[in-house]
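>
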Amino acid sequence: MLLKNLLFLLLLLSLPGCSGVKTPSDFLYKEIRTDSFTIASWQKINAPQNNTYKIYIEGDGHAFNRYGRPTSDPTPLDGFMRNAAFSDPSANVIYLARPCQFVKDTVCRQEDWTTGRFSEKVLSSMAQAVRQLAEGKDIFLIGYSGGGFIAAFLAAQSPNSGPYQTKTHLKKLITIAGNLDHERWTAFHKVLPLKDSLSLYPYQKKLQKLPQTHYIGEKDKIVPPFLTSDFLGKENIILIPKANHSEGYENALRQIYSEK
Numbered sequence: 015m016l017l018k019n020l021l022f023l024l025l026l027l028s029l030p031g032c033s034g035v036k037t038p039s040d041f042l043y044k045e046i047r048t049d050s051f052t053i054a055s056w057q058k059i060n061a062p063q064n065n066t067y068k069i070y071i072e073g074d075g076h077a078f079n080r081y082g083r084p085t086s087d088p089t090p091l092d093g094f095m096r097n098a099a100f101s102d103p104s105a106n107v108i109y110l111a112r113p114c115q116f117v118k119d120t121v122c123r124q125e126d127w128t129t130g131r132f133s134e135k136v137l138s139s140m141a142q143a144v145r146q147l148a149e150g151k152d153i154f155l156i157g158y159s160g161g162g163f164i165a166a167f168l169a170a171q172s173p174n175s176g177p178y179q180t181k182t183h184l185k186k187l188i189t190i191a192g193n194l195d196h197e198r199w200t201a202f203h204k205v206l207p208l209k210d211s212l213s214l215y216p217y218q219k220k221l222q223k224l225p226q227t228h229y230i231g232e233k234d235k236i237v238p239p240f241l242t243s244d245f246l247g248k249e250n251i252i253l254i255p256k257a258n259h260s261e262g263y264e265n266a267l268r269q270i271y272s273e274k
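Under the working numbering, the first residue of the sequence shown carries the number 15, and numbering increases by one thereafter.
1. Which term fits Gln57, buried or exposed, when burial requires 16 or more other beta carbons within 10 angstroms of its beta carbon?
2. Within its chain, find whatever has a CB closer than 8 angstroms to the CB of Phe245; leave out the 5 residues flanking it on each side and keep chain order.
3. As a quick exercise: from Leu91, Gln142, Leu206 and Ala111, pick the residue whose alpha carbon is nearest that of Gly157.
4. In whole angstroms, give me the CA-to-CA distance for Lys36 and Asn106.
5. Does the beta-carbon distance from Ser159 to Thr48 come in below 8 angstroms?
6. Since Ala148 contacts Tyr67 with CB under 8 angstroms, what's their CB separation in whole angstroms?
7. Rounded to the nearest angstrom, what separates Ile46 and Arg123 at their Cα positions?
8. What are the boundary residues of the alpha helix (DSSP H) that Thr200 is part of?
9. Can you tell me whether Val136 is helix, strand or coil according to DSSP?
10. In whole angstroms, give me the CA-to-CA distance for Met95 and His259.
11. Applying the 10 Å Cβ sphere with the 16-neighbour rule, what's the burial state of Ala201?
12. Which two residues bound the contiguous alpha helix (DSSP H) that contains Asp152?
13. Whole angstroms is fine: what's the gap from Ser33's alpha carbon to Thr89's?
14. Cβ atoms of Gly130 and Val136: under 8 angstroms apart, would you say?
15. Per the DSSP calculation, Ile53 is bridged to which residue(s)?
16. On the DSSP bridge list, what partners appear for Gly231?
17. So what's Asn79 in DSSP terms, helix, strand or just coil?
18. Taking the alpha helix (DSSP H) that Thr66 belongs to, which residues open and close that run?
19. Answer yes or no: do Leu155 and Ala169 have a C-beta to C-beta separation smaller than 8 angstroms?
20. What number of angstroms, rounded off, separates the C-alpha of Pro103 from the C-alpha of Tyr271?
21. Hey, quick one: how far does the alpha helix (DSSP H) through Lys185 stretch, first residue to last?
22. DSSP has Ile164 in a bridge; who is on the other side?
23. Enumerate, from N- to C-terminal direction, the unbroken beta strand (DSSP E) stretches of 3 or more residues contained entirely within the stretch 96-129.
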């Protein structure tokens, strides 16, 4: 009987959407199928007639181990962004993972969370996911770390044309510890460039005209504050005293939750 129960527990843990994630009762796990990837999401849609959706986009997750080597599974080890979404009291909230996180997708390749984490394939898939989730809606795109790049890239696109179309109306772009300039970021950390990824530089001027807020941590050593301010200028940037890459953002989250 003990062996039978153990096998049942292992089966449960292997099912999509389990992954040991503690989920509030009003969030449902759903997988979004795109042309290239199946992407995990947790969704709370309490007022579908309400035209405003908040979409929280996960960071790069466990892309590299403590020795700087690529991992075989980029699923985040911490729940910072997921818990931020789960705690948002707004009516319609979606936590959107990145390709290959939480989902065992046979199409995934290591470059999809390393050198190609912002590739055409990844960005197009994220745009498709946002479109499926909130087509025709007003949206807040809220990106954490590398998810900030994804949010900014999608925000800078034309809403109804091109390969990255989302067919939504952007109410606001928000990033938390966002890595918007991966070229300078890799140079700063003296690591290999993301050679298979696109850049935000062609959209730099357009980005500056969007409604946006960027929260950056004073003590963030992973994405130092100067990288964001050098890329965007000092407007729309809020420096959080004592915050590092994933801690100290309580006041910022309260502000995000109050956005309507």
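Ideal Cβ positions, reconstructed from N, Cα and C, are used throughout, including at glycine.
This one's a predicted model, so the numbers in the text were calculated from it and none came from an experiment.
The answer reads as follows:
1. Numbered from 1 along the sequence shown, position 43 holds the residue referred to as residue 57. Its Cβ being crowded by 16 or more others within 10 Å, Gln57 is buried.
2. What you label residue 245 is simply residue 231 of the sequence shown in a count that begins at 1. Leu194, Asp195, Arg198, Leu214 and Gln218, listed in sequence order.
3. The count along the sequence shown starts at 1 and reaches residue 157 at position 143. With distances taken between Cα atoms, Gly157 lies closest to Ala111.
4. Within the sequence shown, numbered from 1, the residue matching residue 36 stands at position 22. Within the sequence shown, numbered from 1, the residue matching residue 106 stands at position 92. Between the C-alpha atoms of Lys36 and Asn106 there is a straight-line separation of about 19 angstroms.
5. The residue labelled residue 159 in the question sits at position 145 within the sequence shown. The residue labelled residue 48 in the question sits at position 34 within the sequence shown. Not in contact: Ser159 and Thr48 (Cβ atoms no closer than 8 angstroms).
6. Taking the sequence shown and counting its residues from 1, one reaches residue 148 at position 134. Taking the sequence shown and counting its residues from 1, one reaches residue 67 at position 53. About 4 angstroms; that satisfies the 8 angstroms criterion.
7. Stepping through the sequence shown from its first residue, residue 46 is reached at position 32. Stepping through the sequence shown from its first residue, residue 123 is reached at position 109. About 18 angstroms.
8. The residue labelled residue 200 in the question sits at position 186 within the sequence shown. Where Thr200 is concerned, the enclosing alpha helix (DSSP H) stretches over His196 to His203.
9. The count along the sequence shown starts at 1 and reaches residue 136 at position 122. Here Val136 sits in helix by DSSP.
10. Translated into the one-based positions of the sequence shown, residue 95 becomes position 81. Translated into the one-based positions of the sequence shown, residue 259 becomes position 245. Spanning the two alpha carbons is a distance of roughly 11 angstroms.
11. Numbered from its first residue, the sequence shown carries residue 201 at position 187. Classification of Ala201: exposed, given that the 10 Å Cβ count is below 16.
12. Translated into the one-based positions of the sequence shown, residue 152 becomes position 138. Not the alpha helix (DSSP H): Asp152 falls in the beta strand (DSSP E), residues Asp152 to Tyr158.
13. The residue labelled residue 33 in the question sits at position 19 within the sequence shown. The residue labelled residue 89 in the question sits at position 75 within the sequence shown. Its pLDDT being 49, under 50, Ser33 is placed unreliably by the model, and nothing is read from it.
14. Counting from 1 along the sequence shown, the entry for residue 136 is found at position 122. Counting from 1 along the sequence shown, the entry for residue 130 is found at position 116. Result yes, Cβ atoms of Val136 and Gly130 sit closer than 8 angstroms.
15. Residue numbering aside, residue 53 sits at position 39 when the sequence shown is read from its first letter. Ile53 is bridged to Ile46.
16. For the purposes of this step, residue 231 is identified with residue 217 of the sequence shown, where counting begins at 1. Answer is Ile254.
17. Position 65 of the sequence shown, counting from 1, holds the residue named residue 79. Residue state, collapsed to three classes: coil.
18. Translated into the one-based positions of the sequence shown, residue 66 becomes position 52. Here Thr66 belongs to no alpha helix (DSSP H); instead the beta strand (DSSP E) covers Thr66 to Ile71.
19. Here residue 155 refers to the residue found at position 141 when the sequence shown is read from its first residue. Here residue 169 refers to the residue found at position 155 when the sequence shown is read from its first residue. In contact: Leu155 and Ala169 (Cβ atoms closer than 8 angstroms).
20. Position 89 of the sequence shown, counted from the first residue, corresponds to residue 103. Position 257 of the sequence shown, counted from the first residue, corresponds to residue 271. C-alpha separation (whole angstroms): 7 angstroms.
21. Locating residue 185 in the sequence shown gives position 171, counting from the first residue. No alpha helix (DSSP H) contains Lys185, which is instead part of the beta strand (DSSP E) from His183 to Ile190.
22. What you label residue 164 is simply residue 150 of the sequence shown in a count that begins at 1. DSSP, once it has assigned bridges, lists no residue as partnering Ile164.
23. 106-110
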